[in-house]
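In this note's numbering, the protein residues as written are 103 to 238.
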(Lines of atoms letter the chains of each structure in order from A; the text may use other names.)
(Lines give C-alpha, C1' and ligand atoms only; values in the text may rest on other atoms or scores of the structure.)
Protein backbone atom coordinates (compact mmCIF):
# COMPACT_ATOMS: atom_id res chain seq x y z
CA UNK A 103 0.00 0.00 0.00
CA UNK A 104 1.27 3.47 -0.90
CA UNK A 105 1.15 6.24 1.70
CA UNK A 106 1.67 9.98 1.41
CA UNK A 107 3.67 11.00 4.45
CA UNK A 108 6.45 13.23 5.73
CA UNK A 109 10.12 12.30 5.51
CA UNK A 110 12.23 14.15 8.06
CA UNK A 111 15.10 16.21 6.69
CA UNK A 112 17.06 19.16 8.07
CA UNK A 113 19.22 19.05 11.17
CA UNK A 114 18.85 18.57 14.88
CA UNK A 115 16.31 20.97 16.46
CA UNK A 116 15.67 22.42 12.99
CA UNK A 117 13.43 19.95 11.17
CA UNK A 118 12.22 20.25 7.62
CA UNK A 119 10.10 17.63 5.94
CA UNK A 120 9.74 16.28 2.44
CA UNK A 121 6.23 15.20 1.48
CA UNK A 122 6.61 11.87 -0.32
CA UNK A 123 4.69 8.97 -1.79
CA UNK A 124 6.22 5.87 -0.23
CA UNK A 125 5.43 2.19 0.36
CA UNK A 126 3.92 1.82 3.83
CA UNK A 127 6.37 -0.97 4.73
CA UNK A 128 9.40 1.29 4.25
CA UNK A 129 11.03 3.17 7.12
CA UNK A 130 10.33 6.86 7.72
CA UNK A 131 13.46 7.97 5.92
CA UNK A 132 13.55 5.11 3.42
CA UNK A 133 13.54 5.18 -0.35
CA UNK A 134 10.40 6.88 -1.67
CA UNK A 135 8.53 6.58 -4.95
CA UNK A 136 8.12 10.30 -5.61
CA UNK A 137 8.75 13.60 -3.81
CA UNK A 138 5.55 15.64 -3.80
CA UNK A 139 6.63 18.75 -1.91
CA UNK A 140 8.35 20.10 1.19
CA UNK A 141 7.34 21.64 4.51
CA UNK A 142 9.34 23.81 6.92
CA UNK A 143 7.41 24.17 10.20
CA UNK A 144 9.85 26.71 11.64
CA UNK A 145 9.49 29.21 8.79
CA UNK A 146 5.92 28.08 8.01
CA UNK A 147 6.76 27.30 4.38
CA UNK A 148 4.73 24.75 2.46
CA UNK A 149 5.20 23.81 -1.20
CA UNK A 150 3.42 20.98 -2.91
CA UNK A 151 2.66 19.66 -6.38
CA UNK A 152 -1.11 19.23 -6.07
CA UNK A 153 -1.42 17.54 -9.47
CA UNK A 154 0.89 14.75 -8.39
CA UNK A 155 -0.77 14.47 -4.98
CA UNK A 156 -4.15 14.06 -6.67
CA UNK A 157 -2.58 11.49 -9.01
CA UNK A 158 -1.38 9.37 -6.09
CA UNK A 159 -4.67 9.76 -4.23
CA UNK A 160 -6.54 8.56 -7.32
CA UNK A 161 -4.32 5.46 -7.35
CA UNK A 162 -5.35 4.68 -3.78
CA UNK A 163 -2.54 6.25 -1.74
CA UNK A 164 -3.53 6.95 1.86
CA UNK A 165 -2.21 10.19 3.40
CA UNK A 166 -1.24 10.25 7.06
CA UNK A 167 -3.15 12.61 9.35
CA UNK A 168 -0.44 15.28 9.18
CA UNK A 169 -0.06 14.94 5.42
CA UNK A 170 -3.85 15.19 4.99
CA UNK A 171 -3.91 18.37 7.08
CA UNK A 172 -1.08 19.93 5.04
CA UNK A 173 -2.73 18.97 1.74
CA UNK A 174 -5.98 20.64 2.81
CA UNK A 175 -4.18 23.78 3.96
CA UNK A 176 -2.16 24.08 0.76
CA UNK A 177 -5.15 23.44 -1.51
CA UNK A 178 -7.12 26.19 0.28
CA UNK A 179 -4.24 28.63 -0.22
CA UNK A 180 -3.95 27.83 -3.91
CA UNK A 181 -7.62 28.10 -4.86
CA UNK A 182 -8.49 31.62 -5.98
CA UNK A 183 -11.22 33.18 -3.89
CA UNK A 184 -14.06 34.32 -6.16
CA UNK A 185 -14.97 37.97 -5.78
CA UNK A 186 -18.42 38.48 -4.36
CA UNK A 187 -20.53 40.67 -6.62
CA UNK A 188 -24.11 41.57 -5.94
CA UNK A 189 -26.49 40.22 -8.52
CA UNK A 190 -28.79 42.96 -9.80
CA UNK A 191 -32.19 41.71 -10.98
CA UNK A 192 -32.79 42.26 -14.68
CA UNK A 193 -36.00 44.19 -14.00
CA UNK A 194 -34.03 46.96 -12.26
CA UNK A 195 -31.50 47.12 -15.09
CA UNK A 196 -34.14 47.56 -17.79
CA UNK A 197 -36.18 50.05 -15.74
CA UNK A 198 -33.23 52.37 -15.08
CA UNK A 199 -31.45 52.07 -18.43
CA UNK A 200 -33.36 54.51 -20.71
CA UNK A 201 -32.69 58.11 -19.70
CA UNK A 202 -33.98 60.92 -21.89
CA UNK A 203 -32.31 64.31 -22.47
CA UNK A 204 -34.67 66.02 -20.00
CA UNK A 205 -33.66 63.59 -17.25
CA UNK A 206 -29.97 64.25 -17.90
CA UNK A 207 -30.43 68.04 -17.64
CA UNK A 208 -32.30 67.69 -14.34
CA UNK A 209 -29.62 65.35 -13.00
CA UNK A 210 -26.88 67.86 -13.85
CA UNK A 211 -28.73 70.76 -12.18
CA UNK A 212 -29.14 68.98 -8.84
CA UNK A 213 -25.41 68.44 -8.14
CA UNK A 214 -24.67 72.06 -9.06
CA UNK A 215 -27.20 73.34 -6.50
CA UNK A 216 -25.79 71.00 -3.86
CA UNK A 217 -22.28 72.26 -4.62
CA UNK A 218 -23.34 75.91 -4.08
CA UNK A 219 -24.86 75.05 -0.71
CA UNK A 220 -21.68 73.25 0.32
CA UNK A 221 -19.58 76.31 -0.52
CA UNK A 222 -21.64 78.61 1.68
CA UNK A 223 -21.47 76.14 4.58
CA UNK A 224 -17.70 75.73 4.35
CA UNK A 225 -17.08 79.48 4.21
CA UNK A 226 -18.78 79.91 7.60
CA UNK A 227 -17.00 77.04 9.35
CA UNK A 228 -14.57 79.34 11.16
CA UNK A 229 -17.21 80.12 13.77
CA UNK A 230 -17.37 83.78 12.79
CA UNK A 231 -20.78 85.31 12.34
CA UNK A 232 -20.85 87.61 9.33
CA UNK A 233 -24.57 88.26 9.58
CA UNK A 234 -25.67 85.78 6.92
CA UNK A 235 -26.50 83.03 9.41
CA UNK A 236 -29.36 83.21 11.83
CA UNK A 237 -28.20 83.11 15.44
CA UNK A 238 -30.43 81.52 17.98
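Backbone N, C-alpha and C fix where the C-beta goes; we use that ideal spot for every residue, glycine too. Since the model is a prediction, treat every value here as computed from it, not as a measurement.
DSSP beta-bridge partners of residue i
i, result
"residue 122", "107 and 137"
Simplified DSSP state of residue i, which is helix, strand or coil
i, result
"residue 178", "helix"
"residue 145", "coil"
"residue 116", "strand"
Among the options, nearest to residue i - alpha-carbon criterion
i, options, result
"residue 115", "142, 121 and 165", "142"
"residue 147", "154, 156 and 175", "175"
"residue 156", "113, 138 and 145", "138"
"residue 153", "136, 145, 144 and 168", "136"
"residue 177", "144, 126 and 151", "151"
Same chain, Cβ closer than 7 Å to residue i, five either side skipped, listed in chain order
i, result
"residue 109", "119, 120, 122, 130, 131 and 134"
"residue 140", "118, 119, 120, 121 and 149"
"residue 112", "118"
"residue 144", "116"
Contacts around residue i, its chain only, beta-carbon distance under 8 Å, and the 5 residues preceding and following it disregarded
i, result
"residue 159", "106 and 165"
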